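If you want our numbering, it's the 1-based position in the sequence shown plus 5. We treat Cβ as the ideally placed atom computed from N, Cα and C, and that holds for glycine. Small disclaimer: the values here were computed from a predicted structure and weren't measured. Down below is the structure, laid out as structure tokens.
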Amino acid sequence: MQTLTKLLAVSLAAIIAGSASAQSEYATSFDGLIPGNLNGQDGWVAQTQWKADGLGTVANDTSGAFIRAHQINLVGSNTVGESITQTVKFTLSAAQTPSNDIDSFEEGILTFGIFDEVGKVNFSPTLSSGIYYFPSTGELELRSGLGGGSETHFIDLASDLTDPTTWTLSMKTTKKGEDKWDVVTTLTGGTLASPLSLSYSVSGVSGLENTPSGVAAGFQTHPSSLGSAGVDTGLFSSVTIEDYSLTVASGQ
């Protein structure tokens with residue numbers, strides 16, 4: 006079976022509010038990948054912990070502080086008015102009791118990011134959004150902002166995660182001016198009765214202005230199956246991704 010991948014460059018003839026609109030999309034269900042490392046397949050740059058099963062999913066398989074992956078077939082141009090949207094469908098294994106020494110950087114379960122380190126495995130997201138574990142409450146949160154930021158939305162359902170749970174997470178970033186971005190993050194699935202959403206504007210976003218190679222988009226997970234340095238057990242033993250899409254659109 007061929008990899009279900011679309012890389013579309015669509016120029017729209019319609020004029021919207023006096024400006025032309027163009028959109029490019031990459032989407033995959035990870036079908037047809039060779040079992041083993043995701044890195045090097047279908048435009049993915051990934052750390053070795055991200056494995057493809059050859060049957061339509063990728064998952065993290067070992068411990069590590071940060072386990073990152075990003076797609077280089079499509080990058081943003083960093084122009085005002087451009088938006089970058091990532092959407093991922095993922096499944097968390099049944100929750101287990103984590104160790105008590107989880108540091109703040111290890112709270113992220115699955116997070117998106119945009120950054121200027123195209124082609125680098127060890128990227129550092131400038132703007133990010135994701136689902137996090139909050140040790141002081143034992144619950145989950147939706148968080149978004151600069152480097153993970155302070156924008157949060159409480160998710161009161163960690164105690165219900167006795168079985169594998171599937172979610173869909175989306176993050177849209179739109180450049181509004183120099184160092185200024187709008188961010189919209191949405192989470193659906195699990196036991197949520199309705200979508201959770203965070204929407205806000207942020208300024209003083211340094212690190213994305215001088216990007217000759219473009220703005221890249223990707224995701225990361227931690228803690229992983231055995232937790233990272235000093236963590237014996239993370240909340241989930243694995244994160245399995247079934248679908249991923251990336252859209253870059255210019256013109257508003």
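Taking only the alpha-carbon atoms, compute the straight-line gap between residue i and residue j and give it to the nearest angstrom.
{"i": "P40", "j": "T96", "result": "19 Å"}
{"i": "D58", "j": "D248", "result": "13 Å"}
{"i": "S230", "j": "G212", "result": "Since pLDDT at S230 reaches only 49, below the 50 mark, its modelled position is unreliable, and no value is offered."}
{"i": "N260", "j": "T245", "result": "Given that the chain is displayed from residue 6 to residue 257, the structure contains no residue 260 and the question cannot be resolved."}
{"i": "S29", "j": "G81", "result": "10 Å"}
{"i": "L145", "j": "T196", "result": "12 Å"}
{"i": "S208", "j": "G61", "result": "38 Å"}
{"i": "F139", "j": "S175", "result": "20 Å"}
{"i": "W55", "j": "L240", "result": "18 Å"}
{"i": "T167", "j": "T142", "result": "17 Å"}
{"i": "A27", "j": "T33", "result": "21 Å"}
{"i": "V63", "j": "K94", "result": "11 Å"}
{"i": "F128", "j": "V188", "result": "20 Å"}
{"i": "S134", "j": "T190", "result": "7 Å"}
{"i": "N78", "j": "F35", "result": "15 Å"}
{"i": "P217", "j": "N83", "result": "9 Å"}
{"i": "N44", "j": "T171", "result": "24 Å"}
{"i": "V126", "j": "N42", "result": "13 Å"}
{"i": "N105", "j": "A70", "result": "16 Å"}
{"i": "H227", "j": "E111", "result": "6 Å"}
{"i": "Y31", "j": "T53", "result": "22 Å"}
{"i": "V210", "j": "D184", "result": "4 Å"}
Contact defined as beta carbons within less than 8 Å: I believe residue i pairs with residue j. What is the distance between those atoms, to the nearest angstrom?
{"i": "A198", "j": "S88", "result": "28 Å between Cβ atoms; not a contact."}
{"i": "S242", "j": "Q101", "result": "7 Å"}
{"i": "W186", "j": "L132", "result": "6 Å"}
{"i": "I114", "j": "Y137", "result": "6 Å"}
{"i": "T178", "j": "T193", "result": "Contact flag wrong, Cβ pair sits at about 19 Å."}
{"i": "V123", "j": "G219", "result": "6 Å"}
{"i": "P130", "j": "T238", "result": "Between T238 and P130 the Cβ distance is about 25 Å, and since that is not below 8 Å, they are no contact."}
{"i": "G37", "j": "K180", "result": "Not really, about 34 Å apart at Cβ, beyond 8 Å."}
{"i": "S98", "j": "P169", "result": "6 Å"}
Compare the C-beta of residue i against all C-beta atoms of chain C and say whether one is closer than 8 Å.
{"i": "F110", "result": "Judged by its chain identifiers, the structure shown contains no chain C, having just a single protein chain."}
So the beta strand (DSSP E) residue i belongs to, where does it begin and stop?
{"i": "D168", "result": "Taken as a continuous stretch (DSSP letters only), D168 belongs to no beta strand (DSSP E), as it is neither H nor E."}
{"i": "N109", "result": "The residue you asked about is not Asn; residue 109 is Ser in the sequence shown. It is not in any beta strand (DSSP E) - S109 carries neither H nor E in the DSSP assignment."}
{"i": "T102", "result": "No beta strand (DSSP E) holds T102; DSSP gives it neither H nor E."}
{"i": "Q46", "result": "Taken as a continuous stretch (DSSP letters only), Q46 belongs to no beta strand (DSSP E), as it is neither H nor E."}
{"i": "T245", "result": "244 to 255"}
{"i": "D187", "result": "185 to 194"}
{"i": "G223", "result": "220 to 226"}
{"i": "L38", "result": "Per DSSP, L38 belongs to no beta strand (DSSP E) and is neither H nor E."}
{"i": "T96", "result": "88 to 97"}
{"i": "T116", "result": "113 to 120"}
{"i": "L197", "result": "Segment: none, L197 is in no beta strand (DSSP E) and carries neither H nor E."}
{"i": "F139", "result": "132 to 139"}
{"i": "L147", "result": "144 to 151"}
Closer than 8 Å is the cut-off here; do at least three beta carbon pairs connect the segment 208 to 224 with the segment 110 to 118? yes
At a cut of 8 Å, does the segment 40 to 52 reach the segment 73 to 82 through at least three beta carbon pairs? yes
Minimum length 4: unbroken alpha helix (DSSP H) runs contained in the segment 48 to 72: none
Below 8 Å, can you find three or more Cβ-Cβ pairs linking the segment 145 to 152 to the segment 196 to 210? yes
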